[in-house]
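Enquirer: Once you've had a glance at the structure underneath, I'll fire off some questions.
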Amino acid sequence: MSTPAALEVVGLVKRYGDRTAVAGLDLTAQHGRITAVLGPNGAGKTSTIECCEGLRSPDGGTVRVLGLAPDDHRLRSRVGVMLQDGGLPTAARAGRVLDHIAAMYTRPRDLRELRDRLGLDAFARTTVRRLSGGQRQRLALAAALVGDPELVFLDEPGAGLDPQARTAVWGLVRELRERGVAVVLTTHQMDEAQALADDVVVVDHGRVVAQGSVGELLTATDRSTTRLRTREPAPLDAIRTALRPDLRVETGPDGALTLTGDLTPDDVHRLTGALAEAGVLLADLTVGVRTLEDVFLELTGTDLR
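For the record, in the sequence shown the residue sitting at position 6 is 6 according to the working numbering, with numbers rising by one throughout.
Put into structure tokens, the structure is as follows:
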């Protein structure tokens, strides 16, 4: 007999006046797995998660959290929530905040261990308003985990973290999975989703447009991805003219060019020829490395929202 899902969303609908933010969305998250819910701004991702957390009421469909309605009071001791803005009292000291939250649970997680893992003692006597963005994130994560939840919602857990803190946070999230906790992760950092997630759900225009494991999404097409960086701005129009029409050429947020399609040696020759003719030096060329960000942009486009 299969284990019931930790989170099951069927046909979710959420409207704001005349605008439909979520249009019949289905979502499942299993125990002992990290499920990343991805989507551009305005895609309906946040509204979906807020309905799952009991912060908003659906206008249609059903949401079951550990087999219960999201607003059932019995979930308070079983579900952890990390909001992006923390939702923490800004005038209180960080250590007192965590102590207060722990006191609400009958069997809280070991506070000493949690503080050590996230380095909270370094700023325990600092008020929340004076914490850096990364410190607030670490405190918010501790607050979400102190009740030892069966299901935890993490909103942008890696935002604002330095490499050391990110390593600690990612390690803690992976340990949750090993302990059988269901983790629902929302993030705009594709490297974070690719590194952590077992299952990925991509949402756009209020619907699921793709889902599967990271490996399944990365191999869903046989198209290769080529990235190149130039020392000066690349002549994008000249490159598009030189290459075959079926090769898609786009400029990423970091200024690098991405070519999607089956690149042949002749294509590489024409590409480098276009750069040479423009007097542009090639700084880096990587062929065939396909990432979750590539998949995300293919599914949701590159237009700003």
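Each residue gets a CB set at the ideal place from its N, CA and C atoms; glycine is no exception.
#1: Are Gly206 and Gly67 touching if we call contact CB-CB under 9 Å?
#2: I'd like to know if the segment 88-95 and the segment 40-55 are in contact, where contact means that at least 3 CB-CB pairs between them fall below 8 Å.
#3: Can you tell me whether DSSP reads Met82 as helix, strand or coil?
#4: Going by beta carbon distance, what residues of the same chain come within less than 8 Å of Leu131, once the five residues before and after it are set aside?
#5: Contact check, Val184 vs Val37 under 8 Å by CB: the rounded distance?
#6: So, helix, strand or coil for Val214, using DSSP?
#7: Near Ala283, which residues of its chain fall below 7 Å by C-beta distance, leaving aside the five closest residues on each side in sequence?
#8: Looking at Thr258 and Val268, is the spacing between their C-beta atoms short of 9 Å?
#9: Between Leu218 and Arg290, which are expected to be in contact by the criterion C-beta below 8 Å, what is the C-beta distance as a whole number of angstroms?
#10: Give me the residue from Ala159, Asp266, Leu98, Ala29 with the minimum Cα distance to Val146.
#11: If you scan the segment 100-154 from start to end, which runs of the alpha helix (DSSP H) of 4 or more residues do you find wholly inside it?
#12: Can you tell me where the beta strand (DSSP E) holding Arg229 begins and where it ends?
#13: Three or more C-beta pairs under 8 Å: does that hold for the segment 18-32 against the segment 162-174?
#14: Based on the DSSP secondary-structure assignment, which residues constitute the bridge partners of His207?
#15: Distance check for Pro245 and Asp262, CA to CA, integer angstroms please.
#16: What are the partner residues of Val65, as DSSP defines its beta bridges?
#17: Spell out a yes or no on whether the segment 32-46 and the segment 75-83 are touching, meaning 3 or more CB-CB pairs, one atom from each, closer than 8 Å.
#18: So does the segment 191-205 actually touch the segment 266-281, counting three or more Cβ pairs closer than 8 Å?
#19: By the 10 Å Cβ neighbour count, where 16 or more other Cβ atoms means buried, how is Arg33 classified, buried or exposed?
#20: For Asp294, which residues in the same chain have their Cβ closer than 6 Å to its Cβ, ignoring the five residues on either side in sequence?
#21: Once DSSP output is grouped into helix, strand and coil, what is the label at Arg270?
#22: Less than 9 Å between the beta carbons of Arg307 and Asp71, yes or no?
#23: Pick out whichever of Asp85, Gln189, Gly11, Asp303 has its Cα sitting closest to the Cα of Thr62.
#24: Consult DSSP for Ala283 and reduce its assignment to one of helix, strand or coil.
Expert: According to the structure shown:
#1: no
#2: no
#3: strand
#4: Ala94, Phe123, Leu139
#5: 6 Å
#6: helix
#7: Arg229, Thr230, Arg231
#8: no
#9: 5 Å
#10: Leu98
#11: 111-118, 133-145
#12: 225-230
#13: no
#14: The sequence given here places Arg at residue 207; His does not occur at that position. For Arg207, which the question treats as bridged, DSSP gives the partners Asp204.
#15: 12 Å
#16: Leu7, Leu68
#17: no
#18: no
#19: buried
#20: Thr225
#21: helix
#22: The structure shown does not extend to residue 307, since the chain spans only 1 to 305, so no value can be given for it.
#23: Gly11
#24: strand
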